[in-house]
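There are 2 protein chains.
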Amino acid sequence: MTIPQFERIALIGIGLIGSSIAREVKELGLTGDLVISTRSTETLKRAEALQLGDRYTSSAAEAVKDADLVIVSVPVGASEAVAQQIAANLKRGAIVTDVGSTKASVIAQMAPHMPDHVHFIPGHPLAGTEKSGPDAGFTGLFRDRWCIFTPLPNTDQAALDKLKAFWTALGSRIDEMDPEHHDKVLAIVSHLPHIIAYNIVGTADDLETVTESEVIKYSASGFRDFTRLAASDPTMWRDVCLHNKDAILEMLARFSEDLAYLQRAIRWGEGDKLFELFTRTRAIRRSIIQAGQDVDAPDFGRHALDTKK
Amino acid sequence: MTIPQFERIALIGIGLIGSSIAREVKELGLTGDLVISTRSTETLKRAEALQLGDRYTSSAAEAVKDADLVIVSVPVGASEAVAQQIAANLKRGAIVTDVGSTKASVIAQMAPHMPDHVHFIPGHPLAGTEKSGPDAGFTGLFRDRWCIFTPLPNTDQAALDKLKAFWTALGSRIDEMDPEHHDKVLAIVSHLPHIIAYNIVGTADDLETVTESEVIKYSASGFRDFTRLAASDPTMWRDVCLHNKDAILEMLARFSEDLAYLQRAIRWGEGDKLFELFTRTRAIRRSIIQAGQDVDAPDFGRHALDTKK
Numbered sequence: 001m002t003i004p005q006f007e008r009i010a011l012i013g014i015g016l017i018g019s020s021i022a023r024e025v026k027e028l029g030l031t032g033d034l035v036i037s038t039r040s041t042e043t044l045k046r047a048e049a050l051q052l053g054d055r056y057t058s059s060a061a062e063a064v065k066d067a068d069l070v071i072v073s074v075p076v077g078a079s080e081a082v083a084q085q086i087a088a089n090l091k092r093g094a095i096v097t098d099v100g101s102t103k104a105s106v107i108a109q110m111a112p113h114m115p116d117h118v119h120f121i122p123g124h125p126l127a128g129t130e131k132s133g134p135d136a137g138f139t140g141l142f143r144d145r146w147c148i149f150t151p152l153p154n155t156d157q158a159a160l161d162k163l164k165a166f167w168t169a170l171g172s173r174i175d176e177m178d179p180e181h182h183d184k185v186l187a188i189v190s191h192l193p194h195i196i197a198y199n200i201v202g203t204a205d206d207l208e209t210v211t212e213s214e215v216i217k218y219s220a221s222g223f224r225d226f227t228r229l230a231a232s233d234p235t236m237w238r239d240v241c242l243h244n245k246d247a248i249l250e251m252l253a254r255f256s257e258d259l260a261y262l263q264r265a266i267r268w269g270e271g272d273k274l275f276e277l278f279t280r281t282r283a284i285r286r287s288i289i290q291a292g293q294d295v296d297a298p299d300f301g302r303h304a305l306d307t308k309k
Numbered sequence: 001m002t003i004p005q006f007e008r009i010a011l012i013g014i015g016l017i018g019s020s021i022a023r024e025v026k027e028l029g030l031t032g033d034l035v036i037s038t039r040s041t042e043t044l045k046r047a048e049a050l051q052l053g054d055r056y057t058s059s060a061a062e063a064v065k066d067a068d069l070v071i072v073s074v075p076v077g078a079s080e081a082v083a084q085q086i087a088a089n090l091k092r093g094a095i096v097t098d099v100g101s102t103k104a105s106v107i108a109q110m111a112p113h114m115p116d117h118v119h120f121i122p123g124h125p126l127a128g129t130e131k132s133g134p135d136a137g138f139t140g141l142f143r144d145r146w147c148i149f150t151p152l153p154n155t156d157q158a159a160l161d162k163l164k165a166f167w168t169a170l171g172s173r174i175d176e177m178d179p180e181h182h183d184k185v186l187a188i189v190s191h192l193p194h195i196i197a198y199n200i201v202g203t204a205d206d207l208e209t210v211t212e213s214e215v216i217k218y219s220a221s222g223f224r225d226f227t228r229l230a231a232s233d234p235t236m237w238r239d240v241c242l243h244n245k246d247a248i249l250e251m252l253a254r255f256s257e258d259l260a261y262l263q264r265a266i267r268w269g270e271g272d273k274l275f276e277l278f279t280r281t282r283a284i285r286r287s288i289i290q291a292g293q294d295v296d297a298p299d300f301g302r303h304a305l306d307t308k309k
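Chains A and B, in that order, are what the protein sequence lines are. Per UniProt numbering, residue 1 is the first one in the first sequence, and the count goes up by one each step. Per UniProt numbering, residue 1 is the first one in the second sequence, and the count goes up by one each step.
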């Protein structure tokens with residue numbers, strides 16, 4: 001696949017994802033004119049200090065002028081406001097995409113505002129860390145990770161191919177599905193895990209019988225794993241919860257049902273049921289490692305980092 | 001603290017923990033005679049092939065003869081059987097300890113069988129990975145991790161000090177608490193996280209709307225974190241669930257209550273409640289990193305390993 005070129009790229013939002021895209025675009029030389037826009041003056045200044053782009057503006061409307069590719073990387077709840085701000089200034093033939101973790105909601109928010117003369121192609125790179133902000137981004141974030149597109153009917157194939165080539169250049173593997181299915185898939189592989197992690201950390205924080213300092217002190221015995229996801233950006237995750245409500249509630253219901261079954265097995269001392277589940281889950285871990293979606297090193301390989309202290 | 005010496009050490013059980021102890025004992029030269037015992041002939045052979053000890057026997061009773069330090073590293077449900085096997089052969093003045101994740105149950109199982117002329121000191125090194133068996137052990141596993149003792153009333157202080165010196169030599173930090181409190185603390189920092197991880201992986205595995213291959217493929221967006229804990233040893237974790245029932249059921253009840261609250265906030269679109277929790281949990285992550293109980297590198301630092309593939 002050839003590396004695509006754009007005369008001008010506009011990034012709306014410059015957090016972990018936006019700033020990682022900016023770093024890749026610069027390193028790969030995908031455009032001669034990278035315009036960065038974010039609402040927060042402070043964040044915009046920081047992006048400039050980090051030399052993430054060629055130009056900087058707090059106006060999204062200003063940023064998208066004459067841009068051939070516009071990438072919206074904001075919390076999903078802000079999608080409609082951004083669409084309204086940029087709509088009138090979009091260049092004829094521009095590709096407009098996003099990176100949001102929910103797709104049906106983003107489409108509902110943005111599509112009605114997109115003029116006919118642009119290619120609006122919703123996308124979602126499945127990549128990230130628990131850190132946020134322009135300093136958190138890095139090149140390589142998207143390498144070997146999936147980028148899922150949920151194109152609307154009648155999407156221009158050439159525009160879609162060009163956008164796919166862009167993400168492929170950033171190291172992503174490409175997939176396509178309809179927005180509703182995307183939202184169900186992400187509800188189980190991403191949204192439920194984050195919600196559960198936030199919840200267990202909250203539960204631990206609220207205990208009276210075990211102090212917070214004990215929880216922190218002894219966290220390496222399992223708990224600390226959850227605190228990573230539970231350290232993710234609160235605004236982003238509030239918006240995900242509110243904008244993929246139905247799929248998340250469905251997964252939460254199933255999770256709770258399964259947990260009640262497990263809880264009952266513990267109460268009644270049904271060791272066989274526990275053993276069956278605990279054996280089955282082991283196989284899934286192996287499949288994930290075989291699929292190249294996690295490291296095989298024990299403890300995520302952090303032991304090596306642990307002992308460097 | 002001086003490095004303690006033992007004429008003979010017997011390890012009953014040679015899994016992840018037992019074999020890590022064996023490797024440390026050899027490396028540090030803590031004894032001239034390390035006897036390894038495990039029920040499984042296959043595992044015993046493997047331990048011998050790995051040269052983990054000086055002598056090997058499938059009989060725990062045989063192994064403990066003349067040992068000054070006996071460390072029982074078996075699934076907690078096997079504690080009573082081991083105690084019965086070794087009781088008659090224990091040397092006068094020997095220290096007998098264990099590494100079990102539950103303490104009240106282990107004491108109830110072992111203490112009645114321990115002769116008066118030995119020092120039975122229950123212990124729990126809070127260390128491990130998701131791997132199991134004699135190949136999974138390594139030196140450094142206990143470094144900077146806590147080892148909690150739950151001594152019985154009238155425990156001999158000199159024996160306790162010697163055992164503490166042993167674990168300190170292995171790199172552990174030492175703590176002491178009563179068994180009931182230990183079991184509550186571990187229920188929240190270790191047992192609940194593992195049960196929740198097993199459960200969510202089970203839920204994902206059972207879905208009809210999202211295929212298993214999709215779950216695996218897209219697991220890097222959060223789900224994969226849980227699969228690590230859910231790949232832990234099924235026998236060990238079945239036993240933990242059965243032997244710390246009350247504390248686990250209490251924590252599960254609180255977790256489910258909190259999850260219902262969160263679920264309701266999602267259903268009713270109460271963004272403020274979500275944002276409040278998601279912000280509070282971030283602070284706990286920071287405290288854990290400050291306490292040296294996790295690495296600060298994004299994504300547990302596995303990105304570096306990820307991209308080496």
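C-beta: ideal position from N, C-alpha, C; glycine also. Please read these numbers as outputs of a predicted model, since none were measured by experiment.
Can residue i be considered in contact with the ligand GTP, in the sense that its beta carbon sits closer than 7 Å to one or more heavy atoms?
{"i": "Arg143/B", "result": "With respect to the ligand GTP, the structure offers nothing, as it holds no ligand at all."}
Classify residue i: buried if its beta carbon has 16 or more other beta carbons within 10 angstroms, exposed otherwise.
{"i": "Ala111/A", "result": "exposed"}
{"i": "Glu24/A", "result": "buried"}
{"i": "Lys309/B", "result": "Per-residue confidence for Lys309/B stands at a pLDDT of 41, beneath the threshold of 50, marking its modelled position as unreliable; the derived number appears in the next sentence. Exposed, since its Cβ has fewer than 16 Cβ neighbours within 10 Å."}
{"i": "Thr2/A", "result": "exposed"}
{"i": "Asp116/A", "result": "exposed"}
{"i": "Glu208/B", "result": "exposed"}
{"i": "Ala83/A", "result": "buried"}
{"i": "Ser172/A", "result": "buried"}
{"i": "Ile9/A", "result": "buried"}
{"i": "Asn244/A", "result": "buried"}
{"i": "Gln290/A", "result": "exposed"}
Out of curiosity, what's the CA-to-CA distance linking residue i and residue j?
{"i": "Thr38/B", "j": "Thr211/B", "result": "40 Å"}
{"i": "Glu7/A", "j": "Ala297/A", "result": "43 Å"}
{"i": "Gly269/B", "j": "His194/A", "result": "17 Å"}
{"i": "Ala88/A", "j": "Leu186/B", "result": "58 Å"}
{"i": "Glu42/A", "j": "Val295/B", "result": "28 Å"}
{"i": "Arg143/A", "j": "Ile21/A", "result": "12 Å"}
{"i": "Ser213/A", "j": "Ser73/B", "result": "28 Å"}
{"i": "Asp54/A", "j": "Ile284/A", "result": "45 Å"}
{"i": "Lys26/A", "j": "Leu52/A", "result": "8 Å"}
{"i": "His191/B", "j": "Arg264/A", "result": "16 Å"}
{"i": "Ala220/B", "j": "Pro125/A", "result": "11 Å"}
{"i": "Gly29/A", "j": "Lys45/A", "result": "23 Å"}
{"i": "Arg254/B", "j": "Ile188/B", "result": "10 Å"}
{"i": "Leu163/B", "j": "Leu16/B", "result": "20 Å"}
Have a look at the DSSP bridge pairing and note the partners of residue i.
{"i": "residue 368/B", "result": "The structure shown does not extend to residue 368/B, since chain B is modelled only from 1 through 309, so no value can be given for it."}
{"i": "Gly18/B", "result": "According to DSSP, which records beta bridges pairwise, Gly18/B is partnered with nothing at all."}
{"i": "Ile188/B", "result": "In DSSP, Ile188/B forms no bridge with anything."}
{"i": "Tyr56/A", "result": "Ile36/A"}
{"i": "Phe120/A", "result": "Val96/A"}
{"i": "residue 328/A", "result": "A question about residue 328/A goes unanswered here, because the residues of chain A that appear run from 1 up to 309."}
How would you write the range of the beta strand (DSSP E) that residue i sits in, first residue to last?
{"i": "Ala10/B", "result": "9 to 12"}
{"i": "Ser37/A", "result": "34 to 37"}
{"i": "Glu176/A", "result": "173 to 176"}
{"i": "Gly123/A", "result": "123 to 125"}
{"i": "Trp146/B", "result": "146 to 149"}
What residue range does the alpha helix (DSSP H) around residue i cover?
{"i": "Phe6/A", "result": "No alpha helix (DSSP H) holds Phe6/A; DSSP gives it neither H nor E."}
{"i": "Pro234/A", "result": "234 to 243"}
{"i": "Phe166/B", "result": "157 to 169"}
{"i": "Phe223/A", "result": "223 to 229"}
{"i": "Gly271/B", "result": "271 to 290"}
{"i": "Arg46/B", "result": "41 to 49"}
{"i": "Lys217/A", "result": "212 to 217"}
{"i": "Met114/B", "result": "That residue, Met114/B, is in no alpha helix (DSSP H); it is neither H nor E in DSSP."}
{"i": "Val82/B", "result": "79 to 86"}
- Inter-stretch contact at 8 Å, needing at least 3 Cβ pairs: the segment 225 to 236 of chain A / the segment 249 to 262 of chain B: Cβ pair count under 8 Å is below three, so no.
- Query: If you pair each beta-carbon of the segment 266 to 284 of chain B with each one of the segment 198 to 205 of chain A, do three or more pairs fall below 8 Å?
  - Reply: yes
- Query: Is there contact here, the segment 28 to 48 of chain B with the segment 147 to 155 of chain B, by at least three beta-carbon pairs under 8 Å?
  - Reply: no
- Query: Okay, do the segment 105 to 122 of chain B and the segment 77 to 93 of chain B touch, 3+ Cβ pairs below 8 Å being the bar?
  - Reply: Counting Cβ pairs under 8 Å, three or more are found: they touch.
- Message: Closer than 8 Å is the cut-off here; do at least three beta carbon pairs connect the segment 231 to 240 of chain A with the segment 151 to 168 of chain B?
- Response: no
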